[in-house]
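Below is one structure; the comments refer to it alone.
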Amino acid sequence: MSATYKLKYWPTIPGRGEYVRLAFRAANVAFSDDDDVSELKSFITPRAGHFAPPVLEMEENGKSFSLSQTPAILAYLAPRLGLAGDGSEEDRAAVNAITLTILDLSNETHDTHHPIATSLYYEDQKSEAKSRAHDFRQNRVPKFFGHFAKLVSENPTKSGFLHGDKVTTADLTLFQLVEGLTYAFPKYIKSLTASSKTASQVAPVFALRDKVAQHPALVKYLNSKDRRGFNEYGLFRHYAELDGEYEE
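full-length UniProt numbering applies: residue 1 is where the sequence shown begins, and numbers increase by one.
Okay, structure coming up:
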């Protein structure tokens with residue numbers, strides 16, 4: 001009996017749940033998207049064993065299993081969905097390591113608009129957010145993007161992917177991160193790709209973004225209503241005062 005998957009996540013936002021959705025979509029594996037808030041809240045309790053969404057619920061061979069934490073879910077799904085390189089223990093570990101690094105930058109993105117406390121509104125920490133966002137734009141993104149670009153450029157297979165010769169959860173995660181950053185910091189991303197200092201350095205990252213966007217299993221989804229749009233309630237938020245051109 002084949003496995004059935006259900007992804008439990010908040011409604012209306014792509015958030016961290018989108019990293020998991022892209023894995024299922026790229027692998028052409030069916031799953032159900034459950035955004036029932038009352039049911040979700042019943043899962044994020046100490047008794048249920050989950051602290052926060054996303055939560056993946058799976059049934060296979062009469063047994064049920066649930067797992068939370070985005071990186072844990074992706075690491076679990078990658079070999080099952082054929083998104084872990086050649087599937088060897090070494091490739092699985094390598095893909096997971098890259099994915100974790102991408103998610104580190106994803107988390108730092110959230111901290112640009114909530115640098116003090118998640119319990120406070122953005123408006124309560126605007127000044128600190130401006131400082132955090134400036135450092136994020138000038139230092140953090142270029143550092144991470146430089147690393148990702150090097151992985152793509154030095155991939156022995158010359159596939160244009162981060163690791164190996166086919167798409168992995170790492171590539172999908174980086175795709176979503178770049179899409180989110182482009183939404184949140186449009187002026188910055190435009191200048192980063194045009195700057196004489198950084199354009200060539202980050203080019204492999206954006207080439208990978210374009211490559212993933214044309215993945216046969218993703219094209220229809222990415223242009224459908226099923227693909228949740230970014231907004232100012234999720235992980236990637238656009239606030240004009242936090243955006244700005246890269247300063248050479």
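Each residue gets a CB set at the ideal place from its N, CA and C atoms; glycine is no exception.
Taking 8 angstroms as the cut-off, decide whether the C-beta atoms of Ala26 and His215 are in contact.
-> yes
Could you tell me the boundaries of the alpha helix (DSSP H) in which Ser106 lies?
-> 89-113
Around the Cβ of Leu120, are there at least 16 other Cβ atoms within 10 angstroms (buried) or fewer (exposed)?
-> exposed
8 angstroms CB neighbourhood of Ala207 in its chain, flanking five on each side removed | Val152, Gly160
From Leu240 to Trp10, what distance separates their C-alpha atoms?
-> It is worth fixing the name first, because residue 240 is Ala in this sequence and not Leu. If I take the Cα positions, the gap works out to 25 angstroms.
Going by other Cβ atoms of all chains shown within 10 Å of its Cβ, with 16 needed for buried, is Asn96 buried or exposed?
-> buried
Those residues which DSSP pairs with Lys220 across a bridge = None, per the DSSP bridge assignment.
Between the Cα of Tyr183 and those of Asp243, Gly146, Arg16, Pro204, spot the shortest distance and give me the residue it belongs to.
-> Asp243
If you draw a straight line from the alpha carbon of Phe185 to that of Asn61, how long is it in whole angstroms?
-> 46 angstroms
Sufficient close CB pairs (3 or more, under 8 angstroms) joining the stretch 223-235 to the stretch 7-22 | yes
What is the DSSP secondary structure of Lys187, reduced to helix, strand or coil?
-> helix
Given Pro54 as reference, the closest of Thr198, Gly85, Tyr19, His113 once Cα atoms are compared = Tyr19
Beta carbon of Glu128 nearer than 8 angstroms to that of Ser191 = no
Ser2 - DSSP class collapsed to helix/strand/coil = coil
Output the boundary residues of the alpha helix (DSSP H) element that contains Asp135.
-> 126-135
If you drop the 5 nearest sequence neighbours on each side, which residues of the same chain put their C-beta closer than 8 angstroms to that of Leu74?
-> Tyr19, Val20, Ala23, Asn96, Thr99, Thr169, Thr173
Closest by C-alpha distance to Val178, when choosing among His163, Ser196, Ala203 | Ala203
Spatial neighbours of Phe145 in its chain, beta-carbon cut-off 7 angstroms, leaving aside the 5 residues before and after | Val202, Val205
Looking only at C-alpha atoms, which of Lys6, Glu59, Gly180, His114 sits nearest to Asp36?
-> Lys6
With DSSP run on the structure shown, which of helix, strand or coil describes Leu235?
-> coil
Note down the Cα distance separating Glu123 from Lys143, rounded to an integer number of angstroms.
-> 28 angstroms
Alpha carbon to alpha carbon, how far is Asp210 from Leu40? Give it in angstroms, no decimals.
-> 34 angstroms
Three-state secondary structure (DSSP) of Leu67 = strand
Tell me, please, whether the CB atom of Asn139 is closer than 8 angstroms to any CB atom in chain C?
-> Protein chains in the displayed structure number just one, and chain C is not present.
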